[in-house]
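J.: This is the structure, below, for whatever I ask next.
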Amino acid sequence: MNIKLTLSLCLLLTTLAVQAQSTTPIPRGKLYLVTQVQFPSFNNLNHELTASGYAPVTVSFGSGTGGYGSIHRWIIGGEGNYFSAEQKENGKTTSMNGGWGFLFAGYVLSKGKVLVYPSLGIGGGGAAVHLITNAGNNTLGDLLATEGNSTSISMGSFLVNTAISLEYPIGNQFDIGLKASYVTSLQEHAWQADGMSPSLSDSFGGFTLAFQFGFRL
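Letter by letter, the sequence shown follows residues 5 to 221 in this note's numbering.
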């Protein structure tokens, strides 16, 4: 939690520091690429993983694309992201991959040197966690003969995304940006796997910090 608060505070301080008297026009439209770091909120799953000797899923990295159009100070757009993570501990591997997509609307609060706007998005996503016990098998036959050396569980959910974005123009056509967001499923959903009862659940989402490179239309 301290990391999340520190990143949010740095983002806020950056906003206050770079504001100037000149104004930046809101682009009529924009396409952008995203690179992000995510801190998943898989608290219950991580507790079970740690108790069983597996590394928890605490951070992941991803990328994606998005775009928006503007009407006066209003911004309406969409974004999709893919993310993954892998950690090894005690001869066991925990890996995760997933993705989500959102439609969002925002309102530009500042048109200073940096555009600043909060946004609210709705969408959906899912994630799969793969657990592998590394038994040191050397051949395919050995691997096929080893039962229970891997397990996969997954989750999918409707999601809500609240975010604050900063955009700094580079010339007339490009800009760079930062976005801090919190994604939540509002309620917990069960992890699912073949042959497993739905006894373990989590809130799907987490805190995300993203870097954007955009092309203004």
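By construction, the Cβ of each residue, glycine as well, lies at the ideal position given by its N, Cα and C atoms. The structure presented is a predicted model; accordingly, all values stated were derived computationally and were not measured.
May I have the straight-line CA-CA distance separating L148 from G181, to the nearest angstrom?
T.: Caution is warranted here: a pLDDT of 48 is assigned to L148, below 50, making its placement in the model unreliable, and no coordinate value can be reported.
J.: Cα-Cα, which of N48, Y72, G73, G71 is closest to T62?
T.: Here the closest residue by C-alpha is N48.
J.: So what does DSSP say about T62, is it helix, strand or coil?
T.: Residue state, collapsed to three classes: coil.
J.: State the beta-bridge partners of G105 as determined by DSSP.
T.: The partner list for G105 (beta bridge, DSSP) reads G84, G128.
J.: Determine whether the beta carbon atoms of T188 and L204 lie at a separation below 8 Å.
T.: No, the pair does not count as a contact, with Cβ atoms beyond the cut-off.
J.: If the criterion is Cβ atoms closer than 8 Å, does the pair G66 and F43 meet it?
T.: Not a contact, by the Cβ cut-off of 8 Å.
J.: Under DSSP, the beta strand (DSSP E) around N165 begins and ends at which residues?
T.: From DSSP, the beta strand (DSSP E) with N165 extends over 154 to 174.
J.: For I168, does the count of other Cβ atoms within 10 angstroms reach 16, so buried, or fall short, so exposed?
T.: The residue in question, I168, is buried, as its Cβ has 16 or more Cβ neighbours within 10 Å.
J.: Could you compute how far the alpha carbon of L135 sits from the alpha carbon of I30?
T.: Roughly 46 Å separates the two Cα atoms.
J.: Would a C-beta distance cut-off of 8 Å place I79 and Y121 closer than the cut-off?
T.: Taking 8 Å as the Cβ cut-off, I79 and Y121 qualify as a contacting pair.
J.: For G68 and T39, I'd like the C-alpha separation in whole angstroms.
T.: If you take the alpha carbons of G68 and T39, they lie about 7 Å apart.
J.: Spell out the partners DSSP gives R32 in its beta bridges.
T.: Answer is none; R32 lacks a bridge partner.
J.: Leaving out five residues on either side along the sequence, give the residues of the same chain with a beta carbon under 8 Å from the beta carbon of S156.
T.: A132, V133, H134, L135, A197.
J.: Which of helix, strand or coil does DSSP assign to H76?
T.: DSSP places H76 in coil when its eight states are reduced to three.
J.: I need the boundaries of the alpha helix (DSSP H) containing A2, first residue and last residue.
T.: Nothing can be reported for residue 2: it is not among the residues displayed for the chain, which extend from 5 to 221.
J.: Which of the three DSSP states is assigned to E90 in this structure?
T.: It is a strand residue.
J.: Out of T212, W195, R77, state which residue places its alpha-carbon closest to the alpha-carbon of V112.
T.: Per the Cα distances, R77.
J.: Which whole-angstrom value describes the C-beta separation of F108 and G81, a residue pair presumed to lie in contact below a C-beta threshold of 8 Å?
T.: The pair is a contact, with the Cβ atoms about 6 Å apart (cut-off 8 Å).
J.: Under a three-way DSSP split, which group does T222 fall into?
T.: With the chain represented from 5 up to 221, any question about residue 222 goes unanswered, as that position is not in the structure.
J.: In terms of residues, what are the limits of the beta strand (DSSP E) holding L213?
T.: Note, L213: beta strand (DSSP E), 210 to 220.
J.: In angstroms with no decimal places, state the Cα-to-Cα distance between F219 and F106.
T.: Rounded to whole angstroms, F219 to F106 spans 20 Å at the Cα level.
J.: For G103 and P60, I'd like the C-alpha separation in whole angstroms.
T.: Near 19 Å, if we compare the C-alpha coordinates of P60 and G103.
J.: Does the separation of the CB atoms of S158 and G130 fall below 8 Å?
T.: Yes, these two residues count as a Cβ contact at 8 Å.
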